[in-house]
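The next block holds one structure in the form of structure tokens; read it before the comments.
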Amino acid sequence: MILFLAFVAATLAITVWASRQTKTAADYYAGGRSFSGVQNGLAIGGDYMSAASFLGIAGIIALSGYDGFLYSIGFLVAWLVALLLVAELMRNSGKFTMADVLAFRMSPRPVRTAAGVSTIVVSIFYLLAQMVGAGALVGLLLGITGEAGKAWTIIGVGALMIVYVVFGGMKGTTWVQIVKAVLLMSGAALVTLLVLGKFGFNLSALLGQAATTSGPSGNPGNFLIPGLKYGTDAQGLAGKIDLISLGLALVLGTAGLPHILIRFYTVPTAKDARKSVLWGIGIIGVFYLLTLVLGFGAAALVGKDAIAAGDAAGNTAAPMLAQRIGEEIFGSVGGTILLALIGAVAFATILAVVAGLTLASSSSFSHDLYAHVFKRGQVSERQEVVVARISAFVIGAIAIGLGILAQGQNVAFLVALAFAVAASGNLPAILYSLFWKRFNTAGAVSAIYGGLVSALLLVIFSPVVSGSKTALFPGADFAWFPLSNPGIVSIPLGFLCGWIGTVLSKEYNAAKYAEIEVRSLTGVGAEKASTH
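Take any residue in the sequence shown, count from 1 to its spot, add 10: that is its number in the numbering used here.
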């Protein structure tokens, strides 16, 4: 509790300081574009290394072995798409949100409406995962086993998150993310070194022990080959397709995540945008290598059955591993201290990520929907920021309610759904807008709504929502779509809808495309990107 309260006090102090520095809309939305490439790289790492990464991936590897490994690799490879196709061009083309880029060469109101809706939906999916992680984590640390206790935990995390965003804006949120990135890397590295030291820094010994302890009783070697979670005999071909679908969503989703895209606007130059992504990739790459050791270490030392008993979805595997390795090396007091340390770090992770997500969605509502759609640009910066703060309350409340409903789901899996929705709706519109001359308003609206609606519908009628023991509604069964991740269907649909919408419309503005092409490559005029 002392470690928890110390971190909360430190981050609240940062928020109070940042609130005094936040005077304009640029300060609130983009931190005054005052962060260096290294600082923004740390913040990107802090934003991306979520509860899903730390708690969910370790848990899914501990329970499913090799099949959980794909999450680590998918989340990492996704950054190459973000770096090569999106980061610098978005920084050069926009001002505060993804919609600034899309609306520049098109009719702004329908495009901003679609982009705003998509941003809020993706952010709420992602927030859902963090809330579930918070409930599982604090429940483990405080010995809370009942759903009511975990629900109160989720409410508490949601309240803190709203405070960060409402008062600190982007500046406060970024500094919280930088602090959290340093803490998370330090904590994960410490546990990884202790686990590797336990096995004499011999990976083969670690993997062998993981298979023996947590593999199937008849054939423990299956723990280290594909097929425990995806492609089992019961799933047949659908399981193998589900694995491909998951991989597609993970690799393509990052470049469409709103809370990652707005990070590119916090740096002063395109060079800093590139540098921040390179730093982000370095930090994230090392971290995901650490999650492999944490996951297999939990399988080896804690065991699959004990992890599942603590949390059926495996979300508490990393803290349980910290406690076990601490006890074995330093005794019971050492185990307790290490558990508290990792728990506080994971809690920091959740708070920093939910703050970033809430900021992205509230910014989109105020800047895109309120200022440009409802008020047609006739609004002051001060009014816009007030609306952003009010919408942070509303979005936070929605996330709290859904988080309470979704307890029991693996958080890495929930985030994969957010990635699928982002890759289906946002990514086609962004790529077409940056690289296709013919692209127009009808195409942008069709791409966003086509990808978004298809992804949501397929999730609703999948085993995620009904028809399985781990579904949101396990007592109901209206699942007709066999895959848990919709990406393999909804991502091509998003691109197809964008193409069909474009070719069926006669709208075409060659001059605007030429201007955004120059702007995206050089950064000239980016500050005026959303003023028309």
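A virtual CB, placed ideally from N, CA and C, is assigned to each residue, including glycine.
Buried versus exposed, by CB contacts within 10 Å (16 or more), residue 100: With 16 or more other CB atoms across the displayed protein chains lying within 10 angstroms of its CB, residue 100 is buried.
I'd like the list of long-range same chain contacts for residue 493, defined as Cβ closer than 6 angstroms, with 5 residues on each side in sequence excluded. 252, 255
Enumerated in chain order, which unbroken segments of the alpha helix (DSSP H) with a length of 4 residues or greater are wholly contained in the segment 446-510? Those alpha helix (DSSP H) runs which fall completely within the segment 446-510 and span 4+ residues are 451-470.
Curious, which full-length alpha helix (DSSP H) runs of at least 4 residues does the segment 166-212 contain? Whole alpha helix (DSSP H) segments, 4+ residues: 179-208.
Identify the continuous alpha helix (DSSP H) that holds residue 268 and give its terminal residues. 268-271
Which of the three DSSP states, helix, strand or coil, is assigned to residue 110? Correct three-state label for residue 110: helix.
Reducing DSSP to helix, strand and coil, say where residue 389 ends up. Taken through DSSP and simplified to helix, strand or coil, residue 389 comes out as coil.
Tell me the rounded alpha-carbon separation between residue 350 and residue 109. 41 angstroms
Which value, in whole angstroms, describes the spacing of the CA atoms of residue 360 and residue 141? 8 angstroms
Alpha carbon to alpha carbon, how far is residue 371 from residue 126? Give it in angstroms, no decimals. 8 angstroms
Would a C-beta distance cut-off of 8 angstroms place residue 129 and residue 374 closer than the cut-off? yes
Distance check for residue 448 and residue 544, CA to CA, integer angstroms please. In the structure as shown, the chain starts at 11 and stops at 542, and residue 544 therefore has no counterpart that could be examined.
Considering just the uninterrupted stretch of the alpha helix (DSSP H) at residue 285, what are its terminal residues? 280-311
Hey, out of 66, 179, 135, 172, whose CA is closest to residue 27's CA? For the set 66, 179, 135, 172, the Cα lying nearest the Cα of residue 27 is the one of 179.
Expressed to the nearest angstrom, what Euclidean distance is found between the alpha-carbon atoms of residue 278 and residue 47? 9 angstroms
Selection from 211, 395, 471, 49 that minimises the alpha carbon distance to residue 377: Residue 377 has its Cα closest to that of 395, out of 211, 395, 471, 49.
Could you give the DSSP three-state label for residue 378: helix, strand or coil? helix
Where residue 460 and residue 286 are concerned, what is the direct C-alpha to C-alpha distance, given to the nearest angstrom? 32 angstroms
How is residue 519 classed by DSSP in three states: helix, strand or coil? coil
Given residue 482 as reference, the closest of 414, 280, 513 once Cα atoms are compared: 414
So, with DSSP's three-state summary, where would you put residue 59? Look at residue 59 here: in three-state DSSP terms it is coil, with no helix or strand label.
Distance, residue 467 Cα to residue 515 Cα: 26 angstroms
Return the CA-CA distance between residue 433 and residue 440, expressed in angstroms with no decimal places. In this structure, the CA atom of residue 433 is about 10 angstroms from the CA atom of residue 440.
Starting from residue 317, trace the alpha helix (DSSP H) both ways and give me its first and last residue. 314-320
Taking only three categories from DSSP, how would you classify residue 141? helix
Report the three-state DSSP secondary structure of residue 538 (helix, strand or coil). Caution applies to residue 538, whose pLDDT of 48 falls short of 50 and renders its modelled position unreliable; the model cannot decide the point.
How should residue 532 be labelled, buried or exposed, when 16 other C-beta atoms within 10 angstroms of its C-beta is the threshold for buried? Exposed, by the Cβ-count rule.
Is it true that the segment 152-160 meets the segment 423-432, where meeting means three or more beta-carbon pairs spaced less than 8 angstroms apart? no
Just the C-alpha distance for residue 295 and residue 227, rounded to the nearest angstrom, thanks. 33 angstroms
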